[in-house]
Amino acid sequence: MRPLLILAIAASAAAADPPRWEQDFAERRAALGKELAPRHVELGKKCDLRRLHAVARTEYFRALELDPENAGAHLALGHLKVDGAWYDNPEAGARGNDLSDRGLAEALGRHRAARRVLAMEAVPRLQALAEWADAHLLEARALATWREVLQYDDMNPAARSATGWVERDGTWISAEAAAVRAAARARIEAAKAGWKVGDTTPLEEQAGWVLTKYRTDAFDFQGFLPESEMREVVKSAEAARALFLERFEVPGSRRPSLIRGVFVRNQKEHAKFLELQKGLTSLERDMYRLAPSWADPAETIFEVCVNPWPLDYPKERAVHQTVHFCLQSFAGVEELPAWLHEGMALWYSDVLTDRAYVLCCGGKDRDEFLQETPRWRRRIFSQVRDGLAPSLRDVLKADLDAMTPREALVAWSFTDWMLDGRRQELFAFLAAMQGGASQGKALREAFGVKGYDELEGVWRRWVMERY
Ligand SMILES: [Zn+2]
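Counting in my numbering, the sequence shown runs from 15 upward without gaps.
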């Protein structure tokens with residue numbers, strides 16, 4: 015067993031700075047942490063009394079960020095002290111908020127008011143500390159402290175600009191997220207639309223259709239789309255594939271074979287396409303007829319009905335499906351966890367298209383918000399802040415049929431966290447899975463955590479900083 019390491023504020027020390035300043039900062043930060051941490055524990059206890067157990071956990075986690083040794087917070091989280099060090103207790107389950115909707119709204123309202131009072135005290139002091147760090151050239155310390163200011167006052171203009179955020183379509187996104195998106199868009203611009211195919215395809219012959227057909231080395235698309243639109247769809251898919259292969263340095267042997275896509279206009283054509291698929295049983299055919307699409311991962315082919323979706327749907331569908339195929343052939347694991355498959359596909363949809371019409375999971379309670387991806391960050395941010403996000407444990411264990419859209423959003427966010435500089439850990443995770451390890455074991459080994467709780471703590475902290 016190792017002591018909990020996640021809770022210490024870790025920013026690499028700027029070696030060139032006079033050590034006295036570093037030490038000065040550490041002392042100031044520790045003193046402030048010791049003062050503020052009990053206030054969060056107090057808030058947490060009030061939340062527990064109001065049966066806002068999930069919100070209470072957020073407060074306890076925050077208390078430990080401020081003061082990693084705060085016993086009140088450790089005990090409230092069910093942690094155990096062994097030989098002077100605190101440990102995550104795998105037996106201690108996380109309780110959710112235990113209230114009806116109306117009671118929940120009221121209790122949350124009270125909690126937010128209490129937190130605003132605490133923020134009025136914490137923000138000026140953290141801000142002063144950040145300015146002190148800035149003045150003493152402790153850049154990394156200043157940045158980490160400005161990010162803490164955002165935890166209390168997420169629209170604080172000084173903290174926003176100090177942490178490099180940019181405003182886009184009325185939504186603030188971090189400098190890192192903005193850079194990833196800009197690079198992704200540039201890839202679509204630069205992608206090749208391939209060449210137009212003149213010959214009649216077997217599908218056209220069998221169905222008696224006349225389709226627009228485009229080919230590249232990696233894609234073979236045909237469908238009832240205008241030529242200009244088909245070119246855009248191919249370019250988006252090409253960009254998704256290129257970005258995926260590049261990011262994961264996928265060797266030739268683990269790249270997907272030619273990806274084929276068919277785009278039809280209505281249910282009648284969809285049904286006809288399914289009729290022509292000889293490998294399907296009549297039961298499967300009936301099932302797929304009710305769905306908007308069909309895919310065969312083994313053959314890297316998908317078919318989709320584009321109505322009644324918006325015009326940019328085919329592009330997003332092509333991106334989503336391409337990522338599924340790429341991930342499958344790259345990972346080489348028969349049964350990849352649902353969160354990884356869906357989280358990864360949603361991640362590419364977001365950075366390349368700003369939209370997520372496609373969601374492979376369960377499908378109930380699909381809210382409109384899910385489709386406009388730039389709003390996801392703020393949504394997750396407030397859910398995590400208020401303790402309303404589904405627990406990471408539930409999300410990582412859910413299978414695709416049972417996963418809710420809210421959980422899919424957390425899956426996306428967890429993937430976002432992984433792709434933010436944790437590629438080697440992801441590789442280690444996949445290698446452990448390939449070696450037959452259970453997901454829990456693979457996660458513990460790859461990410462150096464002792465359990466889902468600790469992993470959740472790391473992810474939550476990152477969400478509070480980045481979203
Ligand atoms: Zn999917």
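Ideal Cβ positions, reconstructed from N, Cα and C, are used throughout, including at glycine.
Let me check you understand the geometry: is the CB of residue i closer than 7 angstroms to at least one non-hydrogen atom of ligand 1?
i: residue 284; result: no
i: residue 359; result: yes
i: residue 372; result: yes
i: residue 334; result: yes
i: residue 356; result: yes
i: residue 54; result: no
i: residue 93; result: no
i: residue 338; result: yes
Nearest-angstrom Cα distance between residue i and residue j?
i: residue 22; j: residue 76; result: Note on residue 22: pLDDT 41, under 50, position unreliable in the model; the coordinate value appears next. When rounded, the distance between both Cα atoms is 11 angstroms.
i: residue 477; j: residue 223; result: 49 angstroms
i: residue 317; j: residue 123; result: 47 angstroms
i: residue 266; j: residue 451; result: 26 angstroms
i: residue 132; j: residue 61; result: 14 angstroms
i: residue 95; j: residue 464; result: 15 angstroms
i: residue 49; j: residue 58; result: 15 angstroms
i: residue 438; j: residue 460; result: 8 angstroms
i: residue 395; j: residue 145; result: 25 angstroms
i: residue 197; j: residue 397; result: 28 angstroms
i: residue 462; j: residue 441; result: 13 angstroms
i: residue 277; j: residue 302; result: 15 angstroms
i: residue 415; j: residue 428; result: 19 angstroms
i: residue 299; j: residue 472; result: 44 angstroms
i: residue 454; j: residue 446; result: 10 angstroms
i: residue 376; j: residue 328; result: 21 angstroms
i: residue 116; j: residue 110; result: 16 angstroms
i: residue 392; j: residue 475; result: 14 angstroms
i: residue 201; j: residue 128; result: 47 angstroms
i: residue 67; j: residue 331; result: 39 angstroms
i: residue 84; j: residue 70; result: 15 angstroms
i: residue 102; j: residue 466; result: 9 angstroms
i: residue 235; j: residue 295; result: 25 angstroms
i: residue 399; j: residue 163; result: 13 angstroms
i: residue 119; j: residue 125; result: 10 angstroms
i: residue 457; j: residue 372; result: 27 angstroms
i: residue 184; j: residue 389; result: 9 angstroms
i: residue 182; j: residue 175; result: 14 angstroms
i: residue 311; j: residue 291; result: 14 angstroms
i: residue 52; j: residue 244; result: 59 angstroms
i: residue 307; j: residue 56; result: 51 angstroms
i: residue 421; j: residue 358; result: 14 angstroms
With a threshold of 6 angstroms on Cβ separation, who are the neighbours of residue i within its own chain once the five nearest residues in sequence on each side are excluded?
i: residue 343; result: 268, 270
i: residue 74; result: 58, 87, 90, 91
i: residue 405; result: 108
i: residue 360; result: 370, 426
i: residue 309; result: 316
i: residue 64; result: 121
i: residue 239; result: 226, 277
i: residue 114; result: none
Can you list, in chain order, the residues of its chain whose CB lies under 7 angstroms from that of residue i, leaving out five sequence neighbours each side?
i: residue 346; result: 268, 448
i: residue 336; result: 251, 254, 255, 273
i: residue 218; result: 224, 225
i: residue 387; result: 363, 364, 368, 369, 370
Who pairs with residue i in a beta bridge, going by DSSP?
i: residue 100; result: 95
i: residue 228; result: 210, 235
i: residue 320; result: Answer is none; residue 320 lacks a bridge partner.
i: residue 146; result: None, per the DSSP bridge assignment.
i: residue 277; result: 237, 318
i: residue 313; result: Paired residues: none, contrary to the question.
i: residue 307; result: 318
i: residue 181; result: 186
i: residue 475; result: In DSSP, residue 475 forms no bridge with anything.
i: residue 369; result: 386
Return the chain-ordered list of same chain residues with a C-beta closer than 8 angstroms to the C-beta of residue i, the five sequence neighbours on each side being excluded.
i: residue 413; result: 352
Cβ pair count under 8 angstroms reaching 3, the segment 397–413 against the segment 340–355:
yes
Could you tell me whether the segment 274–293 touches the segment 356–373, where touching means 3 or more Cβ pairs closer than 8 angstroms?
Contact between the segment 274–293 and the segment 356–373 is absent, because fewer than three Cβ pairs lie under 8 angstroms.
Could you say if the segment 203–212 and the segment 250–257 meet the contact criterion of at least three C-beta pairs nearer than 8 angstroms?
yes
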